[in-house]
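Counting from 204, one number per residue, gives the positions in the sequence shown under my numbering.
The structure under discussion appears below in the form of structure tokens.
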Amino acid sequence: MEHKNLIGHDGAVHEGLLNGHTGFLIDVACDAGRYSVVHPYEKLDPARVTDTPLSCPSCVAANSPAAAQPHRGRLAHGYAEDVLAKADSRGYVPAKDDEGLRLAFESLAVENPPHRCLYTLIREHLTDMLTDRALAAPEGVPQVLVPYKRYTGGEVQAPVGPGDRLMYYSAAGGYFQYVRVEALEESPAGVVVTVREKEWPPFTWSAHELGRRFSKLDRAPMPSGAAER
Ligand SMILES: [Zn+2]
Numbered sequence: 204m205e206h207k208n209l210i211g212h213d214g215a216v217h218e219g220l221l222n223g224h225t226g227f228l229i230d231v232a233c234d235a236g237r238y239s240v241v242h243p244y245e246k247l248d249p250a251r252v253t254d255t256p257l258s259c260p261s262c263v264a265a266n267s268p269a270a271a272q273p274h275r276g277r278l279a280h281g282y283a284e285d286v287l288a289k290a291d292s293r294g295y296v297p298a299k300d301d302e303g304l305r306l307a308f309e310s311l312a313v314e315n316p317p318h319r320c321l322y323t324l325i326r327e328h329l330t331d332m333l334t335d336r337a338l339a340a341p342e343g344v345p346q347v348l349v350p351y352k353r354y355t356g357g358e359v360q361a362p363v364g365p366g367d368r369l370m371y372y373s374a375a376g377g378y379f380q381y382v383r384v385e386a387l388e389e390s391p392a393g394v395v396v397t398v399r400e401k402e403w404p405p406f407t408w409s410a411h412e413l414g415r416r417f418s419k420l421d422r423a424p425m426p427s428g429a430a431e432r
């Protein structure tokens, strides 16, 4: 998540909360909403980015240490941490669409679940956390990179490690085939990656072929005590 000072339609300087990989403006720190800075279906005009200090009283108040309400970015971050921890305890990646988030707060039994308007910020924090996890380099294995397509946009090259789930490219039919990485080994011809699909016999790919055919889905945590699927 990126924070930038932005000049709104009203001339006031608001604190903008943006997607750090695509530059998409998600929200502003006050209640004015993103349309106080961009018009619907328009991208953020770079000319609106400014070094001028915040002048919107609500955005200033939101950043004050004595603020009555926590900053909505931090509030969303806390919710995202809870959703991820819950998903980790089950051994799955969290659903990041609106319905998935709604169900997560239901199962977390949050007393005052966040309003829908906070979902895009929560989703962005979740995506950032999952990206950090996907980019963490595994120890003791040769480096092999495959694309990782962030849920809210932006693509990075992520290192592959044992336990990772990789998705076949262009599986857009609603059925997402994935494989689990079992091992990475140096060989005279380069690095060889062993993957397994379902319970079928393992298969090996060269590092180069792997990066062409697969993208990274996640590095799913292995919950202690939970049965491995
Ligand atoms: Zn504001």
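For glycine and all other residues, C-beta sits at the position ideal for the given N, C-alpha and C.
(message) Assuming residue 304 and residue 325 are in contact, meaning their beta carbons sit under 8 Å apart, how far apart are those beta carbons, in whole angstroms?
(response) That pair is a contact at about 6 Å.
(message) Check for me: the alpha helix (DSSP H) holding residue 289 runs from which residue to which?
(response) Where residue 289 is concerned, the enclosing alpha helix (DSSP H) stretches over 275-293.
(request) Work out the CA separation of residue 270 and residue 218 for me, nearest whole Å. (result) Distance between the alpha carbons of residue 218 and residue 270: 15 Å.
(message) Let me confirm a value: residue 482 is counted as buried when at least 16 other C-beta atoms fall within 10 Å, else exposed. Which label applies?
(response) One cannot answer for residue 482 here, as it falls past the ends of the chain, which runs 204 to 432.
(request) Report the residue from 421, 388, 402, 420 whose alpha carbon sits nearest the alpha carbon of residue 409. (result) Taking each of 421, 388, 402, 420 in turn and checking the Cα distance to residue 409, the smallest one comes out for 388.
(message) Taking only three categories from DSSP, how would you classify residue 242?
(response) In the structure shown, residue 242 sits in coil (DSSP, three-state: anything other than H, G, I, E or B).
(request) Run the proximity test for residue 217: is its beta-carbon closer than 8 Å to any non-hydrogen atom belonging to ligand 1? (result) Answer for residue 217: yes, Cβ within range of ligand 1.
(request) Let me know the secondary structure DSSP gives residue 406 once reduced to three states. (result) In this structure, residue 406 counts as strand in the three-state DSSP scheme.
(request) Decide if residue 429 is buried, meaning its Cβ has at least 16 other Cβ atoms within 10 Å, or exposed. (result) Note that residue 429 scores 40 on pLDDT, short of 50, meaning its location in the model is unreliable; the coordinates nonetheless yield the value given after this. Per the 10 Å Cβ criterion, exposed.
(message) Less than 9 Å between the beta carbons of residue 248 and residue 241, yes or no?
(response) Contact: yes.
(message) For ligand 1, I want to know if residue 382 counts as a neighbour, meaning its beta carbon is within less than 8 Å of at least one of the ligand's heavy atoms.
(response) It does not: the Cβ of residue 382 is nowhere closer than 8 Å to a heavy atom of ligand 1.
(message) Can you determine whether any heavy atom of ligand 1 sits closer than 8 Å to the C-beta of residue 288, and answer yes or no?
(response) Incorrect: residue 288 has no Cβ contact closer than 8 Å to ligand 1.
(request) Step through the CB atoms of chain B and report whether any lies within less than 9 Å of the CB of residue 384. (result) The structure shown contains no chain B, having only a single protein chain.
(request) Would you mind sorting residue 276 into buried or exposed? The rule is 16 or more other CB atoms within 10 Å of its CB. (result) Buried is the call here.
(request) Return yes when the Cβ of residue 264 is within less than 9 Å of the Cβ of residue 233, no when it is not. (result) Going by beta carbons, residue 233 and residue 264 fall inside the 9 Å limit.
(request) Verify whether the separation of the beta carbon atoms of residue 224 and residue 355 is less than 9 Å. (result) Yes, the Cβ-Cβ distance between residue 224 and residue 355 is below 9 Å.
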